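Protein chains in written order, with our numbering: chain S, 1 to 235; chain H, 1001 to 1258; chain L, 2001 to 2274.
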């Protein structure tokens, strides 16, 4: 799956949520959600989302699925509080598709390959890097969160216990995570300038991903499927 | 031939009243190593950012005076992990990131990367994932990555903080070799004891201004020692009450002793 | 007397990569120990094991009479104050004072006691002037000191620090040395990972040298730091003061600056000033 061209991965990750919202619920949304969740089983142990400290007991192949389910779960809770059951299911499945597609994309798409693909297609290196940086943001934040959480535990903050203390632990982690991440964005902008990322220079692609005709055709089919589905629904 | 010339340069960071650099005039010639020493906040890092054309262009702020550069510059920041691309599969790819951004042809990139990896003794690590490297290994990788862009003016901000003794020695020796090849090197460091063996000239910065310039034995000067910036040997010699001039290194002390 | 820290045949690996092999040593209360060795020798792993973030595969890590296998890091905070690498990135409170006081507050000591411990830690490192500042408004070197203050404020029986002076200039390193000497005079045991042998000579007494996960040396720094031929194969080299003492053959081969200055003066008086 990771050998697919980055644009193919992007197309899939974009088409699935689009189709989820376009196709009639609950059947259409359930189908796309199912596809998205199955996809999360494909990347295997992705270095982005796994790592030292991931909970034991979950087989590596299921880590991405677990991340998707955990991220989607709070939405279901809020929906149940606000809506009746059918609406909850309809919207919930669509949101699950979006979440699972994004989580899968982060796990399956290697940022370096995306940069190479975009530059090969004519995009400037800075823009390509910006796109790719949003992908690396998740594992970087996760690594940083883990370091901060460790440091906090070594000063006595217990992440266990009841809801109240867990919420407190979460809040103690969230603020420094965001602050240090923002601070780092500043530093990184400066640092990346030092690596030659300037507008106007055409970056050399060292290993542009292979883009077979079959994949390109499949991408167009997927892209066209979305407006086609829309038209079908309106008629 | 002068690689870098600053004339009466003053710099203010954005929204700051006090200047970070005050009326600094400095020259670095090709083949020369100039060391910047000073207390925290004295302006060494800022001076390097100005020399690298990152201040005020990227940092914001205001610069007065003249800065002239003859060569392309490369800077190694004191936080090398921020300079990592974050998207290289291997150390080789990481070092190639810079040259690729400069748009060089693939064979030229390969040549520069291989050379840089050799210079930093990183060849055994070439296929490692950069995310698994230790702090010291990553610092060496970033140095290699900057060298691979073949800058004529090299700016180092505390290049050995994460390195062990052997790693630090390697970096200092590498700098002398690079100077021998004609590179101009400006180095900010708090490793005062290493400076006499590395630098050709020393610039003492205090509160953003140049307080003194001289040969490395400046670090054995009375005023410098009094400011806490003397080498360990000079400081001990002075504390023992022996008369000056104080020897900056063990070798100098041995010669004086005889 | 129970040691402040004891490693008993500890073996640890990161997956398939061995990190520590049958490591055994113990540190008494008030002892000041340097953990030395090349990059990758296993020093940071030792810190993580003491803090309880990782557990040994074989052997036992004893913090006082607690087996770290039976503890979680937040429990060990009662006895161990730790400082990790890149501590400047681990601050998390809106002000320096809040961050430093986090530890004692988490331990649940009374409000007055929290104040006292926080003030003491800030004073020890001369950070009182910055107490109300936001940590990220300070330069990284001062942030590192703030992180160290946070560990000191726990007032633990054992401090385990990973490169506390990396990135600090002479003046700031001197603050760290003073603070650590003062704490150990009060009975706190110190285990400090460092590349900075000058700092080790001034602040610490005993050296443990790791090489590829094994303990190669365990002896007083006074003798070890001047022994060039022994240090080199371990990836170390004598710091300038020790090298000076050896080169000038000063009596007792002092490794601390003040001692070397005194010895130098004495010998110079003896032979007439050079």
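Using N, Cα and C, we set each Cβ at its ideal position, and we do this for glycine too.
The structure presented is a predicted model; accordingly, all values stated were derived computationally and were not measured.
Next item on the list: Kindly list the residues whose CB is nearer than 6 Å to the CB of residue 1171/H, restricted to its own chain and excluding five residues on each side of it in sequence; keep chain order.
Entry: Taking the first residue of the second chain as 1, we reach residue 1171/H at position 171. Within the same chain, residue 1171/H has close Cβ partners 1159 and 1160.
Item checked: Entirely enclosed alpha helix (DSSP H) segments - the segment 1040 to 1082 of chain H, minimum 4 residues -> 1044 to 1051
Margin query: I'd like to know if residue 2079/L contacts chain H, where contact means its C-beta is closer than 7 Å to some C-beta of that chain.
Written below: The sequence position of residue 2079/L within the third chain is 79, counting from 1. Not an interface residue.
Next item on the list: Please list the partners that residue 202/S has in chain H, where partner means a Cβ-to-Cβ separation under 8 Å.
Entry: Sequence index remark: in the first chain, residue 202/S carries index 202 (1-based). Within chain H, the residues near residue 202/S are 1103.
Checklist line | Min CB distance residue 1236/H to chain A below 7 Å | finding: No chain A is part of this structure, whose protein chains are labelled S, H and L.
Checklist line | Complete alpha helix (DSSP H) runs within the segment 1113 to 1149 of chain H (minimum length 4 residues, chain order) | finding: 1135 to 1147
Next item on the list: Check residue 1089/H in the structure and name its three-state DSSP category.
Entry: The residue given as residue 1089/H occupies position 89 in the second chain. Residue state, collapsed to three classes: coil.
Checklist line | Endpoints, beta strand (DSSP E) assigned at residue 2217/L | finding: For the purposes of this step, residue 2217/L is identified with residue 217 of the third chain, where counting begins at 1. Looking at the DSSP string, the run of the beta strand (DSSP E) that includes residue 2217/L is 2214 to 2220.
Checklist line | Range of the contiguous beta strand (DSSP E) that encloses residue 1008/H | finding: Along the second chain, read from residue 1 onward, the residue named residue 1008/H stands at position 8. That run of the beta strand (DSSP E) goes 1002 to 1012.
Note to self: Please report whether the beta-carbon of residue 155/S lies at a distance below 7 Å from any beta-carbon of chain L.
What the structure shows: Translated into positions along the first chain, residue 155/S becomes position 155. It does: the Cβ of residue 155/S has a partner Cβ on chain L nearer than 7 Å.
Checklist line | residue 1127/H burial status per 10 Å Cβ neighbour count (16 or more: buried) | finding: As a working note, residue 1127/H is residue 127 in the second chain. Exposed.
Next item on the list: Would you kindly work out how many angstroms separate the C-alpha atoms of residue 2046/L and residue 2237/L, rounded to a whole number?
Entry: Stepping through the third chain from its first residue, residue 2046/L is reached at position 46. Stepping through the third chain from its first residue, residue 2237/L is reached at position 237. Cα to Cα, the separation comes out at about 22 Å.
Note to self: Along the segment 2050 to 2077 of chain L, where does the CB come closer than 8 Å to a CB of chain S? Name the residues.
What the structure shows: 2051, 2052, 2053, 2072, 2073, 2074, 2076 and 2077
Checklist line | Contacting positions in the segment 1173 to 1201 of chain H - beta carbon closer than 7 Å to chain L | finding: 1190 and 1193
Checklist line | Cβ distance (whole Å) where residue 1033/H is taken to contact residue 1218/H below 8 Å | finding: Your numbering for residue 1033/H matches position 33 in the second chain. Your numbering for residue 1218/H matches position 218 in the second chain. Actually they do not touch by this definition, with Cβ atoms about 14 Å apart.
Next item on the list: Determine the burial state of residue 1007/H: buried for a count of at least 16 other Cβ atoms within 10 Å of its Cβ, exposed for fewer.
Entry: Counting from 1 along the second chain, the entry for residue 1007/H is found at position 7. It counts as exposed.
Notebook entry, point to check: Residues in its own chain within less than 6 Å of residue 2015/L by CB, not counting five upstream and five downstream?
Noted result: To locate residue 2015/L, count along the third chain from 1; it is residue 15. So the list is empty, once near-sequence residues are dropped.
Note to self: So with CB distances below 7 Å, who are the chain H contacts of residue 197/S?
What the structure shows: Locating residue 197/S in the first chain gives position 197, counting from the first residue. Neighbours of residue 197/S on chain H, chain order: 1101.
Check: Does DSSP put residue 1989/L in a helix, a strand or coil?
Finding: This structure cannot settle anything about residue 1989/L, because the visible part of chain L is limited to 2001 through 2274.
Note to self: Please list the terminal residues of the continuous beta strand (DSSP E) segment that includes residue 163/S.
What the structure shows: Residue mapping note: residue 163/S aligns to position 163 of the first chain, counting from 1. Per DSSP, residue 163/S belongs to no beta strand (DSSP E); it is in the alpha helix (DSSP H), 163 to 193.
Next item on the list: Please confirm if residue 2012/L has its CB atom under 7 Å from at least one CB of chain S.
Entry: For the purposes of this step, residue 2012/L is identified with residue 12 of the third chain, where counting begins at 1. It does not; no Cβ of chain S falls within 7 Å.
Item checked: As assigned by DSSP and simplified to three states, the class of residue 2074/L -> Locating residue 2074/L in the third chain gives position 74, where the first residue counts as 1. Three-state result, residue 2074/L: helix.
Checklist line | Local conformation of residue 2211/L per DSSP, three classes | finding: For this step, residue 2211/L is matched to residue 211 along the third chain. DSSP places residue 2211/L in strand when its eight states are reduced to three.
Next item on the list: Report yes if the CB atom of residue 1175/H is closer than 7 Å to the CB atom of residue 1195/H, and no otherwise.
Entry: The sequence position of residue 1175/H within the second chain is 175, counting from 1. The sequence position of residue 1195/H within the second chain is 195, counting from 1. Going by C-beta atoms, residue 1175/H is not nearer than 7 Å to residue 1195/H.
Notebook entry, point to check: What residues match up with residue 2006/L in a beta bridge as DSSP calls it?
Noted result: Working through the third chain from its first residue, we reach residue 2006/L at position 6. Per DSSP, 2026/L and 2062/L.
Check: When the Cα atoms are used, what is the spatial distance from residue 127/S to residue 2009/L?
Finding: Taking the first chain and counting its residues from 1, the one referred to as residue 127/S is at position 127. Taking the third chain and counting its residues from 1, the one referred to as residue 2009/L is at position 9. Rounded to whole angstroms, residue 127/S to residue 2009/L spans 53 Å at the Cα level.
Check: With distances taken between CB atoms, is the gap from residue 1154/H to residue 1051/H smaller than 7 Å?
Finding: Position 154 of the second chain, counted from the start, is the residue given in the question as residue 1154/H. Position 51 of the second chain, counted from the start, is the residue given in the question as residue 1051/H. Contact flag unset, no.
Check: Whose Cβ in chain H lies nearer than 7 Å to the Cβ of residue 2244/L?
Finding: The residue given as residue 2244/L occupies position 244 in the third chain. Correct list: 1233, 1236, 1250 and 1253.
Checklist line | Residues that residue 2139/L contacts on chain H, provided the C-beta gap is smaller than 8 Å | finding: For the purposes of this step, residue 2139/L is taken as residue 139 along the third chain, with counting starting at 1. Within chain H, the residues near residue 2139/L are 1040 and 1041.
Margin query: Against residue 1086/H, what residues of chain L qualify as contacts under a CB-to-CB distance less than 9 Å, listed in chain order?
Written below: Working through the second chain from its first residue, we reach residue 1086/H at position 86. Those within 9 Å of residue 1086/H in chain L number zero; the least Cβ separation is about 16 Å.
Checklist line | Boundaries (first-last residue) of the alpha helix (DSSP H) holding residue 2082/L | finding: What you label residue 2082/L is simply residue 82 of the third chain in a count that begins at 1. Per DSSP, residue 2082/L belongs to no alpha helix (DSSP H); it is in the beta strand (DSSP E), 2080 to 2083.
Checklist line | Backbone CA spacing between residue 1101/H and residue 1223/H [nearest angstrom] | finding: Translated into positions along the second chain, residue 1101/H becomes position 101. Translated into positions along the second chain, residue 1223/H becomes position 223. C-alpha separation (whole angstroms): 46 Å.
Next item on the list: Identify, in the order they occur along the chain, each residue of the same chain with its Cβ nearer than 8 Å to the Cβ of residue 1089/H, setting aside the five sequence neighbours on each side.
Entry: Start at 1 with the first residue of the second chain, and residue 1089/H comes out as number 89. Cβ within range, chain order: 1129.
Notebook entry, point to check: Rounded to a whole number of angstroms, what is the C-alpha to C-alpha distance between residue 2048/L and residue 155/S?
Noted result: Taking the first residue of the third chain as 1, we reach residue 2048/L at position 48. Taking the first residue of the first chain as 1, we reach residue 155/S at position 155. Distance between the alpha carbons of residue 2048/L and residue 155/S: 14 Å.
Note to self: Are the CB atoms of residue 2013/L and residue 2004/L within a distance shorter than 7 Å?
What the structure shows: As a first step, residue 2004/L must be located in the third chain, where it is residue number 4. As a first step, residue 2013/L must be located in the third chain, where it is residue number 13. No, the Cβ-Cβ distance between residue 2004/L and residue 2013/L is not below 7 Å.
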